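Here the structure comes first, spelled out in structure tokens, and everything after it is commentary.
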Amino acid sequence: MGDSKSGVVAEDTKNLETSEESQTALPRHVAIVMDGNGRWAKRRGLPRVIGHQAGMKALERTIDNAKDLGVRYLSVYAFSTENWKRARSEVQGLMGLFRYYLKGKIQQMHRRGARVRFVGLMNAFQDDILETVRSAEDLTRDNTDIDVIFCVNYGGRQEILDAVSSLMRSNHDGPVTEDVLRKHLYAPDIPDPDLLIRTGGELRISNFWLWEGAYSEFYFSDLLWPDFDRAELERALHSYAGRNRRYGTA
Ligand code: FPP
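Numbering follows the working numbering, with no gaps: position 189 of the sequence shown is 198.
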């Protein structure tokens, strides 16, 4: 994608980072629905899991690029509560990748100053995955360059249901305001996503960050996730910088 257009965008984005308006022009939290791995593989006559492998490489690149461009929080939809319904071989392939990533790449992310977090119903995963998840979170807890949030076995409706259940168990007294409920979400300390990117050409939210994304700006990319690159991330950031966020006001 290294065309002259993306070169211009790159320059604009750089200016945004250094301009006085950078705090509002650059999204603090970018969330991504990484869609299109299966189609990417199919087009090449390869099994879907090879598409997920290529997707994992795109994810590694994107973490580096996001950090480099000054994004403070990057969340990715790595596995939804609905993904269990996929073919057994694909689910097993994804779990294999997850294990490989956790065991092989976390040190690298730590060295790059990333704090790694996992959001979702983690108890569904096998013990060895859970242990690695916990040690990855412990190892990277004090890193401050970028927070990388893996949403795994995550569903927005489930999160809201869990928040309501947790609130009811808390014996909360008084009116239930947004702030009260928010405290019971999976990761209340993470700021709401400013920009939500979805690749793969589909125009839907698919149960991602339902509460938190109420006022997110959307950027839909026709690229399949394994093809997502720095130029497209820069285009998304540039598009965001031109938006007028009104949060329901005139
Ligand atoms: C959606 O594409 C993608 C997923 C369900 C999985 C996303 C996973 C990765 C990018 C790699 C995992 C990495 C880690 C560290 C967990 P799709 O399969 O729905 O694509 P399609 O719409 O073309 O079928």
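From the three backbone atoms N, C-alpha and C, an ideal C-beta is built for every residue, glycine too.
Given the structure is predicted, the values throughout are model-derived calculations rather than measurements.
- In this structure ASP44 is in contact with TRP234, their Cβ atoms being roughly 6 Å apart against a cut-off of 8 Å.
- Segment contact: the region 181-190 against the region 200-216, fewer than three CB-CB distances shorter than 8 Å; contact not assigned.
- The closest heavy atom of ligand 1 lies 7 Å or more from the beta carbon of GLY113.
- Taken in chain order, the whole beta strand (DSSP E) runs of length 3 or more contained in the region 123-156 are 123-128.
- Beta bridge pairing from DSSP links GLU211 with no other residue.
- ALA40 carries a strand assignment under DSSP once its states are collapsed to helix, strand and coil.
- Spanning the alpha carbons of PRO36 and TRP49 requires a straight line of approximately 28 Å.
- In this structure, the CA atom of SER230 is about 10 Å from the CA atom of LEU242.
- In the displayed model, VAL80 falls within coil according to three-state DSSP, outside both helix and strand.
- Apart from the 5 residues on each side of it in sequence, HIS38 sits with its Cβ closer than 6 Å to the Cβ of TYR82, PRO200, PRO202 and ASP203 in its chain, given in chain order.
- At a threshold of 7 Å, PHE229 does not count as near ligand 1, since its beta carbon sits no closer than that to any of the ligand's heavy atoms.
- Rounded to the nearest whole angstrom, the CA to CA distance from ASN253 to LYS76 is 24 Å.
- Relative to ligand 1, the beta carbon of GLY47 is positioned inside 7 Å of a heavy atom.
- LEU103 places its beta carbon 8 Å or farther from that of ILE138.
- Of the candidates LYS66, TYR249 and ASN46, the residue whose Cα lies closest to the Cα of ALA40 is TYR249.
- Counting every other CB atom within 10 Å of its CB across the protein chains shown gives VAL58 a total of 16 or more, marking it as buried.
- LEU55 counts as exposed, since fewer than 16 other beta carbons sit within 10 angstroms of its beta carbon.
- Comparing C-alpha distances from SER215 to each of ASN74, ASN92, ARG70 and GLY79 shows the shortest one belongs to ASN92.
- Between ligand 1 and HIS61, a heavy atom-to-CB distance of less than 7 Å is present.
- With fewer than three CB-CB distances shorter than 8 Å, the region 168-177 does not count as touching the region 145-155.
- Following the DSSP letters along the chain, one finds PHE107 inside the alpha helix (DSSP H) bounded by residues 97-120.
- Of the residues ARG143, GLY113 and LEU78, the one whose Cα lies closest to the Cα of LYS66 is GLY113.
- When the alpha-carbon of TYR228 is set against those of HIS247, TRP218 and ARG239, the nearest one is in HIS247.
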